[in-house]
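Okay, structure first, notes after.
Number of protein chains: 2
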Amino acid sequence: MTERIFNFNAGPAALPLQVLEEIQASFLNFKQSGMSITEVSHRSSYFDDVINDAVDRAKRLLKLDDRFHVLFIQGGASLQFAMIPMNFLSKDDTADYVNTGTWSTKAIKEVEVQKKNYTVVASSEDKNFSYIPKNIQFSTNAKYVHLTSNNTIKGTQFHEFPDTNGIPIVCDMSSDIFSRPLDMEKFGLIYAGAQKNLGPSGACMVIIRQDMLDMANVDLPSMLKYSTYASKNSMYNTPPCFGVYTIDLVLKWIEEEMGGLEKMEEYNIKKAGLLYDFIDSGSFYRTTAQEDSKSLMNVTFRLPDEELEKLFVVKATENGLGGLKGHRSVGGCRASIYNATTMEGINALVQFMESFEKENK
Amino acid sequence: MTERIFNFNAGPAALPLQVLEEIQASFLNFKQSGMSITEVSHRSSYFDDVINDAVDRAKRLLKLDDRFHVLFIQGGASLQFAMIPMNFLSKDDTADYVNTGTWSTKAIKEVEVQKKNYTVVASSEDKNFSYIPKNIQFSTNAKYVHLTSNNTIKGTQFHEFPDTNGIPIVCDMSSDIFSRPLDMEKFGLIYAGAQKNLGPSGACMVIIRQDMLDMANVDLPSMLKYSTYASKNSMYNTPPCFGVYTIDLVLKWIEEEMGGLEKMEEYNIKKAGLLYDFIDSGSFYRTTAQEDSKSLMNVTFRLPDEELEKLFVVKATENGLGGLKGHRSVGGCRASIYNATTMEGINALVQFMESFEKENK
Numbered sequence: 001m002t003e004r005i006f007n008f009n010a011g012p013a014a015l016p017l018q019v020l021e022e023i024q025a026s027f028l029n030f031k032q033s034g035m036s037i038t039e040v041s042h043r044s045s046y047f048d049d050v051i052n053d054a055v056d057r058a059k060r061l062l063k064l065d066d067r068f069h070v071l072f073i074q075g076g077a078s079l080q081f082a083m084i085p086m087n088f089l090s091k092d093d094t095a096d097y098v099n100t101g102t103w104s105t106k107a108i109k110e111v112e113v114q115k116k117n118y119t120v121v122a123s124s125e126d127k128n129f130s131y132i133p134k135n136i137q138f139s140t141n142a143k144y145v146h147l148t149s150n151n152t153i154k155g156t157q158f159h160e161f162p163d164t165n166g167i168p169i170v171c172d173m174s175s176d177i178f179s180r181p182l183d184m185e186k187f188g189l190i191y192a193g194a195q196k197n198l199g200p201s202g203a204c205m206v207i208i209r210q211d212m213l214d215m216a217n218v219d220l221p222s223m224l225k226y227s228t229y230a231s232k233n234s235m236y237n238t239p240p241c242f243g244v245y246t247i248d249l250v251l252k253w254i255e256e257e258m259g260g261l262e263k264m265e266e267y268n269i270k271k272a273g274l275l276y277d278f279i280d281s282g283s284f285y286r287t288t289a290q291e292d293s294k295s296l297m298n299v300t301f302r303l304p305d306e307e308l309e310k311l312f313v314v315k316a317t318e319n320g321l322g323g324l325k326g327h328r329s330v331g332g333c334r335a336s337i338y339n340a341t342t343m344e345g346i347n348a349l350v351q352f353m354e355s356f357e358k359e360n361k
Numbered sequence: 362m363t364e365r366i367f368n369f370n371a372g373p374a375a376l377p378l379q380v381l382e383e384i385q386a387s388f389l390n391f392k393q394s395g396m397s398i399t400e401v402s403h404r405s406s407y408f409d410d411v412i413n414d415a416v417d418r419a420k421r422l423l424k425l426d427d428r429f430h431v432l433f434i435q436g437g438a439s440l441q442f443a444m445i446p447m448n449f450l451s452k453d454d455t456a457d458y459v460n461t462g463t464w465s466t467k468a469i470k471e472v473e474v475q476k477k478n479y480t481v482v483a484s485s486e487d488k489n490f491s492y493i494p495k496n497i498q499f500s501t502n503a504k505y506v507h508l509t510s511n512n513t514i515k516g517t518q519f520h521e522f523p524d525t526n527g528i529p530i531v532c533d534m535s536s537d538i539f540s541r542p543l544d545m546e547k548f549g550l551i552y553a554g555a556q557k558n559l560g561p562s563g564a565c566m567v568i569i570r571q572d573m574l575d576m577a578n579v580d581l582p583s584m585l586k587y588s589t590y591a592s593k594n595s596m597y598n599t600p601p602c603f604g605v606y607t608i609d610l611v612l613k614w615i616e617e618e619m620g621g622l623e624k625m626e627e628y629n630i631k632k633a634g635l636l637y638d639f640i641d642s643g644s645f646y647r648t649t650a651q652e653d654s655k656s657l658m659n660v661t662f663r664l665p666d667e668e669l670e671k672l673f674v675v676k677a678t679e680n681g682l683g684g685l686k687g688h689r690s691v692g693g694c695r696a697s698i699y700n701a702t703t704m705e706g707i708n709a710l711v712q713f714m715e716s717f718e719k720e721n722k
């Protein structure tokens with residue numbers, strides 16, 4: 001195959017073509033520096049401009065006021081699972097966790113291993129994580145409430161965030177950050193591994209509010225405390241420069257090409273709507289998430305049997321539609337349709353699904 | 362400036378041009394996948410081939426036997442400063458540290474903050490870290506001896522590693538890994554942030570021997586214990602794929618273009634020799650490191666006064682020679698001449714230094 005495919009991978013995932021083209025075009029000579037972006041010093045004005053632009057764009061897109069710090073940390077969301085309790089839970093503190101699937105479960109495991117106090121205040125495990133819990137009773141003494149906004153594996157998503165009685169929400173938004181506007185008032189910290197909606201793997205964006213930073217533990221190794229990153233503009237040591245650079249270009253694309261988060265959300269609703277409507281219109285394919293919890297980012301679906309699912313993935317790949325296999329832990333099929341997935345891609349997928357159904361019904 | 366400069370940055374630093382060209386050429390369509398390397402799933406055969414090739418090449422180049430694991434971890438050498446005591450020092454254990462400059466000092470700080478036991482068995486701080494200590498008395502009960510093989514800021518380097526009476530050496534080789542062959546018998550663990558001799562920032566290579574892994578603490582957050590990376594081929598979570606990919610290409614370049622580590626070392630000796638010989642031949646420039654400790658990777662030097670040093674850096678930049686300013690903590694000048702720096706670059710630098718001297722003597 002010599003052309004680009006329609007990429008439905010769950011992450012690393014599709015990036016906007018024009019971002020990739022800009023990286024490619026300037027790869028040997030970034031901004032007339034005579035160097036590749038991978039060769040430029042992080043202590044140079046070239047890179048200062050990049051990281052500051054990325055921070056500014058993130059702040060504008062999410063309408064963040066001066067209380068919020070935008071940080072870049074390595075280690076993905078998985079390191080955040082550990083850093084959050086490490087920074088916010090002292091011996092007598094406790095936190096609330098809502099368990100909506102694999103990623104929440106992993107986040108909880110990292111509190112457990114540190115022997116910190118926590119309560120799982122809600123879980124959708126009883127129905128195989130096919131829904132987002134509602135009417136949750138939060139603890140009154142929790143330091144934070146931890147949520148996973150979107151569940152890539154089970155295909156569910158918080159469409160509204162719960163009222164936590166003023167307890168700050170700490171939220172893993174790896175798979176839906178910048179896919180819609182957010183009311184940031186509720187959030188004390190949000191974090192997102194870049195490789196779904198933001199850029200390449202290897203960089204994690206963390207947005208932390210000043211009051212959370214003020215109560216974070218500073219008696220920790222330098223690379224494991226938020227204060228290190230906040231006080232040094234994420235450059236205590238060499239940051240993941242290529243990742244930050246790509247994120248900057250993606251945010252520029254959202255802001256200048258897509259028209260901001262309201263427009264981005266409209267587009268995402270349109271894309272997911274087309275796909276869900278098609279699936280719901282027949283009985284050959286069926287979605288796995290409950291109606292009110294369906295994700296706009298990851299459309300998980302099943303076919304009549306597993307043999308057909310295997311064939312579906314093989315034939316789709318042959319037809320230039322990649323990454324449609326469900327997560328290895330659940331099977332089935334999944335179309336990850338993050339920001340950079342195009343309507344053209346969704347149309348091609350629906351068309352393929354129609355013809356596959358006809359041939360295999 | 363529209364052409365590429367000669368890049369003497371200390372890190373991120375110059376990468377081999379042919380590596381950059383290969384990345385650029387395949388950036389929109391990696392190995393006919395129809396995706397960019399930044400869009401390919403880390404659970405795909407595309408990426409498996411990349412990471413396995415990188416591991417195999419590292420093993421061949423360093424002649425590692427089956428006891429050694431090659432891992433990719435995020436967070437740079439700075440996270441290793443913390444992970445090493447976290448993994449290897451239990452309550453009653455102790456470790457020896459040799460302090461040869463800024464990076465060793467930072468490594469020691471991260472043991473201190475964890476309230477672990479350690480002894481600084483040697484330091485060259487008495488002479489502004491201008492030399493590598495010799496005849497060191499190591500503790501008999503140390504779990505490991507920590508060294509920094511090359512000091513980018515002070516321009517010194519271990520040319521021979523000390524006899525530690527069988528205590529495994531844990532070594533930060535961020536700035537000279539793969540610049541020369543190594544007798545791996547002495548080392549229990551070596552680590553290197555990629556952005557000097559290996560690739561872009563955001564990936565750290567860790568080579569750990571099985572007996573070290575066997576004694577590492579497993580009662581830690583997943584992302585902070587070596588066993589997680591060793592048991593999952595560095596893919597417990599999404600690894601820094603672009604970094605691993607670039608490292609693979611750099612290792613391929615060392616192996617196939619430069620002819621392996623013996624040849625690489627010869628080339629590095631020739632490059633550094635040319636530069637040191639020129640500096641030593643006159644009195645306008647002077648090196649800062651003691652003769653027997655001079656680094657083959659970072660040539661630190663001074664001019665008659667600070668005004669001339671400033672002018673030198675400005676004029677060099679105008680002449681297409683970048684990154685010659687000394688580290689902000691010490692001033693002066695520095696030419697970082699890692700593997701990817703070419704003899705052509707050294708010749709251009711020497712030529713410029715000659716003419717600058719004539720004009721400003």
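First to last, the protein sequences are chains R and H. In terms of our numbering, the first sequence opens at residue 1 and continues consecutively. In terms of our numbering, the second sequence opens at residue 362 and continues consecutively. For glycine and all other residues, C-beta sits at the position ideal for the given N, C-alpha and C.
Please name the residue in the options whose C-alpha comes closest to that of residue i.
i                      : options                       : result
residue 409 of chain H : H/602, H/690, H/638 and H/588 : H/602
residue 314 of chain H : H/642, H/491 and H/420        : Beyond the ends of chain H as shown, which are 362 and 722, falls residue 314 of chain H; an answer cannot be given.
residue 521 of chain H : H/666, H/511 and H/675        : H/511
residue 4 of chain R   : R/345, R/262 and R/227        : R/345
residue 89 of chain R  : R/282, R/45, R/202 and R/218  : R/218
residue 63 of chain R  : R/126, R/156, R/29 and R/187  : R/187
residue 331 of chain R : R/309, R/255 and R/146        : R/309
residue 476 of chain H : H/488, H/487 and H/452        : H/452
residue 606 of chain H : H/427, H/504, H/656 and H/388 : H/388
residue 645 of chain H : H/376, H/722 and H/506        : H/722
residue 525 of chain H : H/715, H/503 and H/540        : H/503
residue 60 of chain R  : R/294, R/178 and R/233        : R/178
residue 438 of chain H : H/648, H/383, H/715 and H/568 : H/568
Determine the contact status of residue i and residue j, defining contact as a CB-CB distance below 8 angstroms.
i                      : j                      : result
residue 621 of chain H : residue 661 of chain H : no
residue 205 of chain R : residue 194 of chain R : yes
residue 190 of chain R : residue 215 of chain R : no
residue 33 of chain R  : residue 381 of chain H : no
residue 415 of chain H : residue 612 of chain H : yes
residue 553 of chain H : residue 435 of chain H : no
residue 96 of chain R  : residue 139 of chain R : yes
residue 486 of chain H : residue 446 of chain H : no
residue 42 of chain R  : residue 561 of chain H : no
The beta strand (DSSP E) that contains residue i, what's its start and end?
i                      : result
residue 301 of chain R : 298-302
residue 506 of chain H : 506-509
residue 335 of chain R : 333-336
If you follow the alpha helix (DSSP H) that residue i is in, where does it begin and where does it stop?
i                      : result
residue 482 of chain H : Looking at the DSSP string, residue 482 of chain H is not in any alpha helix (DSSP H); the run it does join, the beta strand (DSSP E), is 478-484.
residue 346 of chain R : 343-360
residue 308 of chain R : 306-318
residue 429 of chain R : Summary: the structure shown does not reach residue 429 of chain R, with chain R confined to residues 1 through 361, and so no result is reported for it.
Any chance you could list the alpha helix (DSSP H) runs of at least 4 consecutive residues sitting entirely within the region 420-463 of chain H, in chain order?
-> 437-449
Taking a cut of 8 angstroms between CB atoms, which residues from the region 238-263 of chain R lie near chain H?
-> 238, 239, 240, 241, 242, 243 and 246
Segments assigned alpha helix (DSSP H), at least 4 residues, entirely inside the region 519-563 of chain H | none
Along the region 383-417 of chain H, what residues have a CB closer than 7 angstroms to any CB found in chain R?
-> 384, 385, 388, 389, 390, 393, 395, 396, 397, 399, 400, 401, 402 and 403
Contiguous beta strand (DSSP E) assignments of at least 3 residues, all confined to the region 565-641 of chain H = 565-570
Taking only beta carbons into account, state which residues of the region 101-113 of chain R come closer than 7 angstroms to chain H, listed in chain order.
-> 110 and 113
What residues from the region 560-590 of chain H come within 8 angstroms of chain R, judged by C-beta to C-beta, listed N to C?
-> 560, 561, 562, 563, 564, 580, 581, 582, 583, 584 and 585
Give the residues from the region 433-448 of chain H that approach chain R closer than 8 angstroms (Cβ to any Cβ), ordered along the chain.
-> 435, 436, 437, 438, 439, 440, 442, 443 and 447
Could you name the residues of the region 8-22 of chain R whose beta carbon sits closer than 9 angstroms to any beta carbon of chain H, in the order they occur along the chain?
-> 9, 10, 11, 12, 13, 14, 15, 17, 20 and 21
Using a beta-carbon distance cut-off of less than 7 angstroms, what residues from the region 325-353 of chain R approach chain H?
-> none
According to a CB-to-CB cut-off of less than 9 angstroms, which residues of the region 269-282 of chain R neighbour chain H?
-> none
Going along the chain, which residues of the region 169-180 of chain R sit with their C-beta nearer than 8 angstroms to a C-beta in chain H?
-> none
Interface residues of the region 541-554 of chain H facing chain R [CB-CB below 9 angstroms] = 554
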